[in-house]
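Take 1013 as the starting number for the sequence shown in the numbering used here and just add one per residue. Take a look at the structure below.
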Amino acid sequence: MTPKLSYKPDLRLKGYHDLSIVVLILFLFSAATNPGQIKPFGKLLLEPAEVIPMTVTFGGDFQSELGCAGDWDPACNITHLQFDPNQSLWIGHFAIPAGNWQGKIAINDGWIENYGLNCVLNGANISFTASANTMVYVAFDYNTKCTVISSQPASVTVGGSFQSDLGCPGDWDPACSITHLQFDAVNQVWYGDFDGIPAGYYEYKFAINDSWTENYGLNCVQGGANLAFTLLNTTPVHLIFDYSTGCSQISFGSTMVTLEGTITHDANMDGIANPGDSIKYELEIKNNQNSSLTNLTINRTTDPNTTLDPSTIMATPVAINDQYSYPGMNIVQAAPGVLANDADVNDQLPNPPYNENLTVISVQGGAVGMAQMTDYGATVTVQPNGSFVYDGTGFSGTTADTFHYKIIDTEGFMDSAVVSIAFNMPPVLANVEAAPLSFTENMGATIITMNITATDPDDVNLESAIIQITSNYVDGQDVLGISGMLPVGISAGAFNSSNGSITLTGSASVADYQAALRQFTYNNISDNPSSASRTVSFTVNDGDLNSNMATRIISVIPVNDCPVAVNDAFMTDEHTTVSSGNVLANDADVEMNMLSVSQVNGSAASVGMAINLGSGAILTQNNNGSYSYNPNGQFEMLAQGQSAMDSWTYAVTDGDIACNQTATVTMTIDGVNDPPVAVTDNYTMVSQTSPFTTSAPGILNNDTDIDNGATKMVAEVNGQTANVGVQITLASGAKLTVNADGSFTFIATCTAGAIDSFYYKIKDEHNAVSVDSAVVYLNIALQYVFVDDNGDPMNGDGSYANPFTTIPQAITASSPGGYIFLFAGTYTAGGTLLDNQKLIGEGVAWN
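Take a look at the structure:
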């Protein structure tokens, strides 16, 4: 009887899609303890049996950074690798800080057995670089003793327009765990399988670390355009992403794997597997519903009953179905063309590519290199190397065309696949003005294009549009807007300042979308815009396909903005020349041009020159903004606590003669207390016999204090502050009392005609004392005078022997309270007695 084999294969044939292969493997049944029974084995024997260590540690100079007790610790469990039986690898990933590091593999928590560079026992340390914002992934194969170290992100997400169909909160979500990819440590790629995406057109990109900050799209470019695919039905989608290159692969469908075993050499002719018999295993990997399997290998484990004859392993090539979209013109696909995703399983595994030995031998059952009619009336010419030209002229279908092709490998094995051409024609944008749009700074919102046209060969409505500044966009400067109301059915999202775009949504006619595109405006709100030319791109979508990208260049022309002159305020006091500060310090120019002072008080000639301000102060205003201001004694009247304002104007320029912006500089002058000045006094007609008294302000009456509102007081008398307000005796013997308010009393002891004196200083309310003393002179007047009013000219000295000859002489010469003796006379003269003077004697009557 033919024995039945139970088998669950572990298959990873990297790069295969839409598989239908047969692998024939011949084993020699070399020994059996129980003849007639074939021991089931779970994996095919291709390599020697594995020996698995107890622990594997990734040790190095980075371990303390991860929390180990120290570096080069072979027993730190933080850096233990974990064994993955599916991959037969020890793997781990670690958040090692950015930098250059060294490490190697330690076996069973010790350095006795260790593996380093080039897979060598006790080999040199392996140097590696950890990048910022990435994890260090380590994979160690104990069979080969080789280590693979790579910097990989913490996560990779496939984000796109299908995520909500898979259960994410929304589309284009870079952090949705449902569409996180898994890391394949063997092949150093990220992969994921997603089932449940409905038929339709979709776009996607790969987001790094749950963010769009770093992302990869078309042509493996960071920040590149969206990738796209079309599903004709609900088919599983398999994605592979290589972070080291930014490149990705996509395939579709599912697979079925079967294994059948038969005895091909039965020496005993008993239908039982005995020692010495040969067994043939037929392994079939077959595509189901455009299946895809992109990561297959053939593993094994030890089976003592069988010995593998490697020369017997053969497999059919794998021709995988292809999908293309018809763009409305011929599809010209260079080599490898339809062979790009096909595989020759007999190539030495696991090293790609797998299609080097494949050749296309027929198309639609006809010859290659010649035009063949497709299933729906178009023509296709496929070359042996897989390149082809598809001409849609004559297509009679509705949504898709198909043709099939056959491939052959060097062993003569063959397989076939089907190429599908989706015929949903994309919309077309055209007729944008060829000349750049000229935009001058501060021009305001300007229509971008008045001529753009939109058409769609197979659709009457469009569903969305994206208008975006796709080159030299500057956030904070460039703004897109819409002039007027959009056509009914079309809605606009807010301007996205992160990428310079506005999205239109809503189903509306092609004509309405064309009108909407003509309403878009460009504006630059900066007073110092970048002069780099912007490119504004227009793209529309008909619900399935994007249109071509129509663009218009915008030439941004900056203009010189006059600087802004800002008023200044400085301070000094009435005595101090000030030159600190700079009037240009708070002025600004958006272009950051060098500023200078061009005028002072309206005069260019006054720049850098000493000029008198209206206040009398002296100003020198230099063109570099520095200045010197001298109060010049014009504010000495300011008392302490008082202030005055002075000012001048200046014009600032950035070198443009049309720009002279004016500002005012205000100088606050604070008062400083000045000491008062005592002034000499002269008193005449001081009585010789009676006290002479003056009331306040007395001796202060002619004293001065330049400060406004100052209060004067006597500070010293004859050099002593204690003499104020008390009676003192002068050197002459006279008695003197001087009060603080300037009043004083003087009692003379001098003879008539003598001059007595004292000196004093004054102070103000701030106790500032006059620098110099003032002298008070006291002229002692005659107490008794005689007058002979005889009509002679003024003469005499008022004595009895030589009397005055006129009454006015006597009045002037007599002291207060004095006595005027009048001899008999014949003349009189007018006069008024003063200070209690008394007139005694004969003579004419006194009027």
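C-beta: ideal position from N, C-alpha, C; glycine also.
N-terminal and C-terminal residue of the beta strand (DSSP E) that residue i is part of
i: GLN1739; result: 1739-1741
i: TYR1149; result: 1147-1153
i: TYR1213; result: 1212-1220
i: TRP1123; result: 1122-1127
i: PHE1264; result: 1259-1264
i: THR1665; result: 1655-1665
i: ASN1691; result: Correcting the residue identity first, residue 1691 is Val in this sequence and not Asn. From DSSP, VAL1691 is part of no beta strand (DSSP E); its letter is neither H nor E.
i: TYR1771; result: 1767-1775
i: TRP960; result: It is not possible to answer for residue 960, since the shown part of the chain is limited to 1013 through 1859.
i: TRP1113; result: 1111-1119
i: LYS1747; result: 1747-1750
i: SER1542; result: Premise fails: SER1542 is in no beta strand (DSSP E) and is neither H nor E.
i: SER1567; result: 1562-1569
i: MET1583; result: 1580-1585
i: ASP1682; result: 1673-1682
i: GLN1335; result: 1334-1337
i: ASP1196; result: 1194-1196
i: ASP1490; result: 1490-1494
i: THR1757; result: 1756-1759
i: GLN1870; result: Because residue 1870 is not part of the residues shown, which for the chain are 1013 to 1859, the question remains open.
i: GLN1345; result: 1343-1345
i: THR1069; result: 1068-1072
i: SER1374; result: 1371-1375
i: LEU1239; result: 1239-1243
Beta-carbon proximity check, residue i vs residue j, cutoff 9 Å
i: GLY1409; j: VAL1394; result: no
i: ASN1605; j: ASN1635; result: no
i: PRO1086; j: ALA1118; result: yes
i: GLY1512; j: ASP1490; result: yes
i: ASP1222; j: THR1169; result: yes
i: ASN1720; j: ALA1651; result: yes
i: THR1458; j: SER1549; result: no
i: THR1665; j: LEU1607; result: yes
i: ASN1672; j: SER1618; result: no
i: ALA1429; j: VAL1375; result: no
i: GLY1860; j: LYS1217; result: Within the shown structure, residues of the chain are numbered from 1013 to 1859, placing residue 1860 beyond reach of any answer.
i: PRO1329; j: PHE1415; result: no
i: ILE1478; j: LEU1516; result: yes
i: ILE1332; j: SER1399; result: no
i: SER1337; j: PRO1438; result: yes
i: ALA1142; j: TRP1113; result: yes
i: VAL1788; j: ILE1711; result: yes
i: TYR1771; j: VAL1729; result: yes
i: ILE1138; j: THR1156; result: no
i: GLU1453; j: VAL1568; result: yes
Below-9 Å beta-carbon distance, residue i vs any chain C residue
i: GLU1423; result: The chain inventory of the structure shown lacks chain C, comprising one protein chain alone.
Span of the alpha helix (DSSP H), counted from its first residue to its last, around residue i
i: ASP1524; result: 1522-1529
According to DSSP, residues forming a beta bridge with residue i
i: GLN1480; result: SER1513 and SER1549
i: GLN1094; result: ILE1103
i: TYR1228; result: PHE1218 and GLN1234
i: VAL1736; result: VAL1750
i: TRP1202; result: PHE1195 and PHE1253
i: ASP1083; result: None, per the DSSP bridge assignment.
i: GLU1728; result: LYS1773
i: THR1844; result: Answer is none; THR1844 lacks a bridge partner.
i: ALA1708; result: Looking at the DSSP assignment, ALA1708 forms no beta bridge with any residue, so it has no partner.
i: GLN1164; result: MET1147
i: PHE1507; result: For PHE1507, which the question treats as bridged, DSSP gives no partner whatsoever.
Check: Is it a yes or a no for the segment 1135-1148 touching the segment 1171-1182, going by three-plus beta-carbon pairs under 8 Å?
Finding: no
Check: Would you say the segment 1490-1505 touches the segment 1575-1586, given that touching needs at least three Cβ pairs under 8 Å?
Finding: no
Notebook entry, point to check: Do three or more CB pairs link the segment 1642-1660 to the segment 1700-1714 at distances below 8 Å?
Noted result: no
Note to self: To test your reading of the DSSP string, which unbroken alpha helix (DSSP H) runs of 4 or more residues are found completely within the segment 1386-1453?
What the structure shows: The qualifying runs do not exist here; there are none.
Next item on the list: Would you check if there are 3 or more beta carbon pairs closer than 8 Å linking the segment 1675-1694 to the segment 1753-1762?
Entry: no
Check: Contact between the segment 1459-1466 and the segment 1430-1438: three or more CB pairs below 8 Å?
Finding: no
Item checked: Cβ pair count under 8 Å reaching 3, the segment 1087-1105 against the segment 1192-1200 -> yes
Next item on the list: Assess, as a yes-or-no matter, whether the segment 1466-1477 is touched by the segment 1540-1549 under the definition of 3 or more beta carbon pairs within less than 8 Å.
Entry: no
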